[in-house]
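Numbering-wise, our numbering comes out as the position in the sequence shown, counting from 1, plus 24.
Here a beta-carbon is modelled for each residue, glycine too, at the ideal position from N, C-alpha and C.
Heads up, the thing below is written out as structure tokens.
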Amino acid sequence: MRPEAGQTERELAEAVRDWAAGVPPRIHEAERRGWLPADVIEDLGKLGVLGMNVPEEDGGLGASTVVFALVLEELAAAWPSLAVGVSVNSGIVAGSIVRYGTGEQRARWLPVLIDGSGLGAFALTEVSSGSDAASLRATARRDGDGWVLNGRKQFITNARYAPLVSAFARVGTAEKDRPHGGITACIVPTDAPGVSLGPSDEKMALHASDTSALVLEDARVGADAVLGEIGGGFGIALAGLDGGRIGIAAQSIGIARAVTERAIAYGRVREQFGRPIVEFEAIRFSLARARTDLDAARLLALRAAWLRDSGRAFTREASMAKLFASEAAQRVTYQALQVFGGYGYMREYEIERYARDARATTIYEGTSEVQRMVIARSLLAA
Ligand SMILES: Cc1cc2nc3c(=O)[nH]c(=O)nc-3n(C[C@H](O)[C@H](O)[C@H](O)COP(=O)(O)OP(=O)(O)OC[C@H]3O[C@@H](n4cnc5c(N)ncnc54)[C@H](O)[C@@H]3O)c2cc1C
């Protein structure tokens, strides 16, 4: 069922939870093969999830950031690999086009990001430029009535099923005191001449969420490819990541919720020393800590989402939410696996998959160290 605009936020999230309940039979095979099934992405398009944060006049549901966070939590609780793909497509790529795109760019590109034909990608990272994103080396050069891009982007989520990539490249050269100078955001269709993919990265987890290198070799795009101002790309990347961090916080929360629910259910039925293990204080305290971490993380994420919806500054709060929720997900998955004992270590119970998937949340869209830098900077600027 496609949620209708105007439904309450909880109803929208519940519609996604109902849909996600049918997904688990698909997960094992997709994680083994290493990519998200096309029909699952199509379903998300039909459900309206991919355009949830896109205004109604652009064909989306026009839902709030609070809804977005609740829905991503549902997706992550069911399947973390799917949640990160949606977070990048909708939160960062579609979100940036909504915010910075011209009327023509919105009309051309938003439909393909929300109809379920693929998932958009965000290409900032390079081999020598990760946390220090302003040091990127990809170049964009004016050529006739278009642009020519060169560079190699690294670890790009969704690139393999992306109709378009928002890619960051430098126009001109960086000045010493303005390292981000010249960085420009370009909308690059993946079928443009000179665009190709490297092999899929072999990762620790999130196996169904493909990450690949994106190679730009004299890639040609039109004059209308530039998103926002020439040289304004670094601000666009940071703004996209601010919103994206709420999505990664929600992904972490979904993971933590899924394993806590499973640990409670397992602890009720697993008996040792003649009684269910939930009767042992060590297990009860572990569950209590997990639930407290989970609620604290959710409140931080919803606060950041609410601030954003209210039109207020939310950069610091998004970083706090991402930092706390991603690190809470490490603690909670560790404890949940402990509750399962040896069974938690076995693939069958899936706890080990959630625990491995959770690890990436402290790294992508800014490591925990980068979040602490953002938070500290905002405190010291005040
Ligand atoms: C699964 C996955 C998917 C990804 N998807 C995307 C994507 O779609 N698009 C994209 O552009 N990128 C993507 N990335 C890249 C990701 O954003 C980067 O890996 C991340 O920003 C860190 O950069 P790095 O790996 O180069 O680490 P580095 O920046 O080299 O950092 C290494 C270590 O040094 C620390 N460090 C760095 N600078 C400082 C400092 N000043 N103070 C203290 N500590 C510091 C870091 O916190 C980290 O612990 C993805 C990564 C992964 C793992």
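Buried versus exposed, by CB contacts within 10 Å (16 or more), residue i
i, result
"residue 388", "buried"
"residue 104", "buried"
"residue 223", "exposed"
"residue 338", "buried"
"residue 204", "buried"
"residue 140", "buried"
"residue 146", "buried"
"residue 192", "buried"
"residue 124", "buried"
"residue 45", "exposed"
"residue 235", "buried"
"residue 99", "buried"
"residue 297", "exposed"
Alpha carbon of residue i to alpha carbon of residue j, nearest angstrom
i, j, result
"residue 120", "residue 244", "21 Å"
"residue 115", "residue 299", "46 Å"
"residue 84", "residue 184", "24 Å"
"residue 25", "residue 177", "Since pLDDT at residue 25 reaches only 45, below the 50 mark, its modelled position is unreliable, and the value read off the structure follows with that caveat. So the two alpha carbons sit approximately 37 Å from each other."
"residue 127", "residue 159", "31 Å"
"residue 186", "residue 263", "21 Å"
"residue 295", "residue 101", "26 Å"
"residue 274", "residue 320", "12 Å"
"residue 70", "residue 253", "33 Å"
"residue 278", "residue 43", "15 Å"
"residue 157", "residue 163", "14 Å"
"residue 352", "residue 318", "7 Å"
"residue 58", "residue 51", "10 Å"
"residue 39", "residue 248", "37 Å"
"residue 355", "residue 382", "10 Å"
"residue 366", "residue 291", "13 Å"
"residue 93", "residue 326", "7 Å"
"residue 106", "residue 242", "32 Å"
"residue 368", "residue 324", "29 Å"
"residue 153", "residue 95", "32 Å"
"residue 391", "residue 210", "24 Å"
"residue 396", "residue 271", "18 Å"
"residue 138", "residue 172", "27 Å"
"residue 170", "residue 240", "15 Å"
"residue 238", "residue 72", "28 Å"
"residue 403", "residue 280", "29 Å"
Limits of the alpha helix (DSSP H) - the one that residue i falls within
i, result
"residue 270", "257-293"
"residue 398", "392-405"
"residue 314", "305-333"
"residue 127", "127-138"
"residue 357", "339-364"
"residue 72", "No alpha helix (DSSP H) contains residue 72, which DSSP labels as neither H nor E."
"residue 297", "Looking at the DSSP string, residue 297 is not in any alpha helix (DSSP H), and its letter there is neither H nor E."
"residue 4", "Outside the displayed range of the chain (25 to 406) lies residue 4, so it cannot be described from this structure."
"residue 48", "48-57"
"residue 120", "119-124"
Unbroken beta strand (DSSP E) run spanning residue i, endpoints
i, result
"residue 167", "163-167"
"residue 243", "235-246"
"residue 172", "170-181"
"residue 385", "No beta strand (DSSP E) holds residue 385; DSSP gives it neither H nor E."
"residue 211", "207-213"
"residue 219", "219-224"
"residue 194", "188-194"
"residue 216", "From DSSP, residue 216 is part of no beta strand (DSSP E); its letter is neither H nor E."
"residue 147", "145-147"
Near ligand 3: residue i beta-carbon under 7 Å from a heavy atom
i, result
"residue 388", "For ligand 3, the structure offers nothing, since it holds only ligand 1."
Touching by the beta-carbon criterion (3+ pairs, under 8 Å), the region 211-220 and the region 257-269: no
Three CB pairs or more closer than 8 Å across the region 303-316 and the region 355-368: yes
Stretch-stretch touch, CB-based, cutoff 8 Å, three pairs: the region 368-386 with the region 269-289: yes
Touching by the beta-carbon criterion (3+ pairs, under 8 Å), the region 251-263 and the region 81-98: no
Touching by the beta-carbon criterion (3+ pairs, under 8 Å), the region 226-236 and the region 191-209: no
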